[in-house]
Amino acid sequence: MESAITTPPRRVMASPRKPPSLQTLRCSHLLGRTTKDVSNNSPRRLTCCKATGGGGGRVDRRDVLLGLGGAAAAAAAGLAASPGGALAAPIQAPDLASCNTPEIPDTATGLSCCLPYRPGTAIVDFVPPPASAPLRVRPAAHLVDKKCLAKYERAVALMKKLPDKDPRSFAQQWRVHCAFCDAAYDQVGFPDLDIQVHNSWLFFPWHRFYLYFHERILGKLIGDDTFALPFWNWDAPDGMAFPAIYNNRSSPLYDEKRNPAHLPPFTLDLDYNGTDSPIPRDQQIKQNLTIMYRQMISSAKRTELFLGQPYRQGDQPDPGAGSVENVPHNPVHLWTGDTRQPNGEDMGIFYSAARDPVFYAHHGNVDRMWHIWRGLRPGNTDFTDPDWLDAAFLFYDEDARLVRVRVRDCLDPATLRYAYQDVGLPWLNAKPATEAGSAAPATGTLPATLSQTVRVAVTRPRTSRSQKEKEEEEEVLCVEGIEIADHLKFVKFDVFVNVSSQSGAATTAAAECAGSVAMAPHAVRPGKEKGTMKTAARFGICDLLDDIGANADKTIIVSLVPRCAGDTVTVGGVRIVYIK
Numbered sequence: 001m002e003s004a005i006t007t008p009p010r011r012v013m014a015s016p017r018k019p020p021s022l023q024t025l026r027c028s029h030l031l032g033r034t035t036k037d038v039s040n041n042s043p044r045r046l047t048c049c050k051a052t053g054g055g056g057g058r059v060d061r062r063d064v065l066l067g068l069g070g071a072a073a074a075a076a077a078g079l080a081a082s083p084g085g086a087l088a089a090p091i092q093a094p095d096l097a098s099c100n101t102p103e104i105p106d107t108a109t110g111l112s113c114c115l116p117y118r119p120g121t122a123i124v125d126f127v128p129p130p131a132s133a134p135l136r137v138r139p140a141a142h143l144v145d146k147k148c149l150a151k152y153e154r155a156v157a158l159m160k161k162l163p164d165k166d167p168r169s170f171a172q173q174w175r176v177h178c179a180f181c182d183a184a185y186d187q188v189g190f191p192d193l194d195i196q197v198h199n200s201w202l203f204f205p206w207h208r209f210y211l212y213f214h215e216r217i218l219g220k221l222i223g224d225d226t227f228a229l230p231f232w233n234w235d236a237p238d239g240m241a242f243p244a245i246y247n248n249r250s251s252p253l254y255d256e257k258r259n260p261a262h263l264p265p266f267t268l269d270l271d272y273n274g275t276d277s278p279i280p281r282d283q284q285i286k287q288n289l290t291i292m293y294r295q296m297i298s299s300a301k302r303t304e305l306f307l308g309q310p311y312r313q314g315d316q317p318d319p320g321a322g323s324v325e326n327v328p329h330n331p332v333h334l335w336t337g338d339t340r341q342p343n344g345e346d347m348g349i350f351y352s353a354a355r356d357p358v359f360y361a362h363h364g365n366v367d368r369m370w371h372i373w374r375g376l377r378p379g380n381t382d383f384t385d386p387d388w389l390d391a392a393f394l395f396y397d398e399d400a401r402l403v404r405v406r407v408r409d410c411l412d413p414a415t416l417r418y419a420y421q422d423v424g425l426p427w428l429n430a431k432p433a434t435e436a437g438s439a440a441p442a443t444g445t446l447p448a449t450l451s452q453t454v455r456v457a458v459t460r461p462r463t464s465r466s467q468k469e470k471e472e473e474e475e476v477l478c479v480e481g482i483e484i485a486d487h488l489k490f491v492k493f494d495v496f497v498n499v500s501s502q503s504g505a506a507t508t509a510a511a512e513c514a515g516s517v518a519m520a521p522h523a524v525r526p527g528k529e530k531g532t533m534k535t536a537a538r539f540g541i542c543d544l545l546d547d548i549g550a551n552a553d554k555t556i557i558v559s560l561v562p563r564c565a566g567d568t569v570t571v572g573g574v575r576i577v578y579i580k
């Protein structure tokens, strides 16, 4: 949180090879239970406040409670008062009987992403596997042996043979991602607001559950309760190529809609801009490792910087992604998608991304990053806000039962009885190198459209901060009022501080790079204040300022360098805040 209250200094622990066991937060299943009352009557329209610069426009929840009838108010159970007296508002599992046509490109018309559902279907609360259950160990995809690969291929083949209406079928499994990325379901009590599981603090827990149930369904199909999904180990040199096990045309893991130029052994670019870099493999690997260091360590020292911005019932979607969701998660989606397809299908656009089996390997490593981040330093802890812990989702399990889960249920992989193969963390010490040179001068003002590089002077409220002050509060660069007019394009711009290059050619592996805003294409619902997507970005810059010798600077020059579709992006402002 943004605050000036003093807290004890944070001790940085030695960089571990493997994160320690993580404390499990047990679920109280008495919290936030909901009952649905579906009506054919048109819902009462609620006027939403216009989104602020952070994209977090919100309806007053007290007004909503007063305006809802008894049954609808019960459906909005997440709006109940919390013990501290504040009005709690976790995102609640949607009413599956009320599903919208997904907002997908015109070239994909006729597609339904609604989850299979019959009125009256029983919903059970999630219960974790017993502690005695076998531990599923997810292997690195490039290290999968023939026996494990054969089991994986058999499981996916069986999943693809299930009837399309079976919620466990591959046809339905990939549509789950579409449903919660492309406006298929509304927030309970807010018919003008859809549920979006990207670009917020829901990103990591929702996708963890998604893989958890997908993995268990596959294991059940082959009668193997030790079956585990591979992960794409793109944070290590040996995994920085498309995983070969997915590239066999005769395999059920194969997908035709992939970028043919990026098949193995082509080296992966974790900060892909839509154009392949001509640099040698060893240099690309070095840049990738430096980017991982920034996204996992130097720019991710506070919970919201890593996990993403708060997103509660009544909030506009897309308040802001965390570091790893921005990069490398989104660029890897684009890098994998097929440039011959109208929208970069399959991986290059969210509605179809999970149609490619490599999606689950990609997100396996994303999930692994969450687990690793928690063990990197004592301050790397999850949110304790009940609005995060009690956010609820629905998934079908391996027995086709509809299960209500909450974020608090998924915080410890060990409790879910899975783990990751230990393959080391080669980016732990991959700090960026600094370059000599004076900062390029400011050349613009904000708001501005990023049709070209914009450089603005930003005043720092505090200078020459001590190490103790830096440990207590992270200095954060906020890029606010980001508006994206065409969200069906991949959008990316890089953010630099005091960069000396005036050509916009500086690499994101440079010490002056604070990070990037990368948005994978996904639709937002028209006619509901969503012709333009609104979001914000935050970057931790304490280490950056030290590395470039700018800790005493009263003013810094922030450069916004467009890389993809900059002419569709407007930025409202940039400022400095301090967060505990």
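Following full-length UniProt numbering, the numbering of the sequence shown begins with 1 at its first residue and continues without gaps.
Each residue gets a CB set at the ideal place from its N, CA and C atoms; glycine is no exception.
Pick out whichever of the options has its Cα sitting closest to the Cα of residue i.
i: serine 323; options: Asp567, Phe350 and Gly515; result: Gly515
i: leucine 111; options: Ser251, Val407 and Cys178; result: Cys178
i: threonine 453; options: Val495, Met347, Glu469 and Thr107; result: Val495
i: alanine 354; options: Thr535, Tyr210, Asp367 and Pro447; result: Tyr210
i: leucine 96; options: Leu115, Pro102, Pro90 and Glu103; result: Leu115
i: glutamine 467; options: Val405, Asn551 and Cys410; result: Asn551
i: glycine 314; options: Asp387, Lys431, Lys165 and Ala133; result: Asp387
i: glycine 348; options: Arg374, Lys147, Asn259 and Pro167; result: Asn259
i: proline 230; options: Gly223, Gly239 and Ile222; result: Gly239
i: valine 423; options: His333, Ile297 and His142; result: His142
i: glycine 318; options: Pro102, Val497, Asn199 and Ser451; result: The sequence shown places aspartate at residue 318, not glycine. The candidate whose alpha carbon is nearest that of aspartate 318 is Asn199.
i: glycine 364; options: Glu345, Leu389 and Gln421; result: Gln421
i: phenylalanine 393; options: Tyr185, Ala171 and Ala140; result: Tyr185
i: arginine 368; options: Ala131, Pro130, Val137 and Ser132; result: Val137
i: cysteine 99; options: Lys146, Pro191, Val458 and Ile217; result: Pro191
i: isoleucine 279; options: Val561, Thr507 and Val517; result: Thr507
i: leucine 268; options: Cys513, Arg460, Leu334 and Cys542; result: Leu334
i: histidine 487; options: Ala511, Val458 and Asp567; result: Asp567
Distance check for residue j and residue i, CA to CA, integer angstroms please.
i: lysine 160; j: leucine 545; result: 51 Å
i: lysine 554; j: serine 251; result: 59 Å
i: proline 413; j: alanine 419; result: 6 Å
i: valine 577; j: valine 124; result: 43 Å
i: phenylalanine 490; j: valine 456; result: 24 Å
i: threonine 463; j: lysine 470; result: 11 Å
i: isoleucine 482; j: lysine 534; result: 6 Å
i: leucine 149; j: threonine 226; result: 14 Å
i: aspartate 235; j: lysine 431; result: 15 Å
i: isoleucine 285; j: asparagine 233; result: 13 Å
i: arginine 270; j: glutamate 398; result: According to the sequence as given, residue 270 is leucine; it is not arginine. C-alpha separation (whole angstroms): 33 Å.
i: arginine 406; j: leucine 135; result: 22 Å
i: valine 574; j: histidine 207; result: 30 Å
i: tyrosine 293; j: asparagine 429; result: 7 Å
i: leucine 389; j: valine 188; result: 17 Å
i: lysine 165; j: phenylalanine 266; result: 38 Å
i: alanine 244; j: threonine 121; result: 41 Å
i: glycine 549; j: tyrosine 212; result: 45 Å
i: serine 298; j: leucine 162; result: 46 Å
i: histidine 214; j: glutamine 173; result: 7 Å
i: valine 497; j: arginine 340; result: 36 Å
i: valine 558; j: arginine 249; result: 47 Å
i: arginine 417; j: alanine 228; result: 10 Å
i: serine 500; j: lysine 492; result: 21 Å
Thinking residue i and residue j are a contact (beta carbons under 8 Å), I'd like their distance in whole angstroms, please.
i: glutamate 473; j: lysine 301; result: Actually they do not touch by this definition, with Cβ atoms about 10 Å apart.
i: phenylalanine 350; j: cysteine 181; result: 4 Å
i: alanine 509; j: threonine 290; result: 4 Å
i: arginine 538; j: glycine 379; result: With a Cβ gap of about 16 Å, arginine 538 and glycine 379 do not count as contacting.
i: isoleucine 195; j: proline 310; result: In fact, because the Cβ distance is near 15 Å, the residues do not count as touching under 8 Å.
i: leucine 202; j: isoleucine 104; result: Incorrect: roughly 21 Å between the Cβ atoms, too far for contact.
i: aspartate 356; j: aspartate 255; result: 4 Å
Tell me the DSSP secondary structure of residue i in three-state form.
i: glutamine 173; result: helix
i: glycine 572; result: coil
i: cysteine 564; result: strand
i: serine 323; result: helix
i: lysine 580; result: coil
i: aspartate 315; result: strand
i: arginine 216; result: helix
i: arginine 136; result: strand
i: valine 358; result: helix
I'd like to know if residue i contacts chain C, where contact means its C-beta is closer than 8 Å to some C-beta of that chain.
i: valine 144; result: Absence of chain C from the displayed structure is noted, only one protein chain being present.
**Request:** Could you pull out every unbroken alpha helix (DSSP H) segment of at least 4 residues lying fully inside the region 241-305, listed in chain order?
**Result:** 281-293
**Request:** Starting from the N-terminal side, write out each stretch of the beta strand (DSSP E) that is 3 residues or longer and does not extend beyond the region 360-422.
**Result:** 392-396, 402-406 and 418-420
**Prompt:** In chain order, which continuous runs of the beta strand (DSSP E) of length 3 or greater are located wholly inside the region 472-543?
**Reply:** 474-484, 491-497, 513-519 and 533-540
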